[in-house]
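Going line by line, the protein sequences match chains A and B. Sequential numbering of the first sequence, starting at 1, is according to the UniProt record's numbering. Sequential numbering of the second sequence, starting at 1, is according to the UniProt record's numbering.
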Amino acid sequence: MPQQTAGTPTYQQKTTSRRPAGTLYRGREGMWSWVLHRITGVAIFFFLLVHILDTALVRVSPEAYNAVIGQYQTPIMGLGETALVAAIVFHAFNGLRIILIDFWNAKYQKVMFYVVIGLWVVTMLAFVPRHLTNVFNH
Amino acid sequence: MSTTIEAPRSPYARAPRKRGVNWEKWGWIYMRVSGVVLVVLIFGHLFVNLWLGEGVSALNFAFVAGKLTNPFWMVWDVLMLWLALIHGGNGMRTLVNDYATQPLTRGILKWAIFASVAVLIILGTLVVFTFDPCPAGAPADLLPSFCSAL
């Protein structure tokens, strides 16, 4: 977009991409929860496509399915599953936060973001040590 | 080229729609309703497959065969399949609407999203309802234990 140069200074000139004005949203909890919701959503969607295809191998043969699920049991994929569960748990709790903002009260959105982070930490503490034990002890 | 920027908070110039189904509204409602159900379905799926027992290292054909011959897990998995793919496809559609500016790009991307969602829903549903836990000629040690009773 060309810069506006003519005329008296307006707020459009003072407000640049480097220096936003008139917003409390940008760069705060609301923006980061939105960014994370989109990134985790895309990641989960592409995993879902792959996961349905690999599960469909049960219809091909037991050997084909076991060969692919064996890949899910390797250390590298075990770390990938940790990242996947981290993304799912954030997306799930933040999705519930969005519903509460829509149907309950938007003024608690900020505190609810920190509740989401807290619940995410608790859930990951319950999952990650146990999962990594299963991955690296077999 | 000069660009005119409307004053903030000026009302829509577009006339309000009068007839027809408001699909965007139903999509908005669908994301919230399916989201709540998916939290239960996917947390349950992860709990049973990754947390109970030996987790991911216990997964194999016999494990899946045990689940996909149980009507409870068949309904669970098919519900998860449909709800999650439509939820994810609609979410991807939102991103395309936000970030793809060329009409052709938007058209191609939305068509690709729709096609992959439709194909995988059909494939997944067929797999669940035509599944054979004891395929003929397969080695017995790869099959669930109930196959030897047949």
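Every residue, glycine too, gets a C-beta built ideally from N, C-alpha and C.
In the assembly as shown, P129(A) is an exposed residue. Its beta-carbon has fewer than 16 other beta-carbons within 10 Å. Around E24(B), the same chain offers no residue with a beta carbon nearer than 8 Å, after the five sequence neighbours per side are excluded. With contacts defined as CB atoms closer than 8 Å, I52(A) and L59(B) fail to qualify as a contacting pair. Close to E54(B), with beta-carbon spacing below 8 Å, are these residues of chain A in chain order: N134 and H138. Contact of M74(B) with chain A is not assigned, every C-beta pair being separated by 8 Å or more.
At a cut-off of 8 Å between C-beta atoms, W82(B) does not count as an interface residue with respect to chain A.
Counting only runs of 4 or more residues that sit fully inside the stretch 87-124 of chain B, no alpha helix (DSSP H) segment turns up. Where H131(A) is concerned, the enclosing alpha helix (DSSP H) starts and stops at Q109 to F136. Its chain contains no residue whose beta carbon lies nearer than 8 Å to that of I99(A) once the 5 sequence neighbours on both sides are disregarded.
F63(B) and G55(B) have their C-alpha atoms spaced approximately 11 Å apart. DSSP, reduced to helix, strand and coil, places C147(B) within a helical segment of the structure shown. A56(A) is positioned such that its CB atom lies no closer than 8 Å to that of G88(B). Here W76(B) really is in contact with L41(B); their C-beta atoms are around 6 Å apart, less than 8 Å. By the rule that beta-carbons nearer than 8 Å mark a contact, W51(B) touches chain A. Between R59(A) and A138(B), the alpha-carbon positions lie close to 12 Å from each other.
Annotated three-state conformation of Q71(A) is helix, per DSSP.
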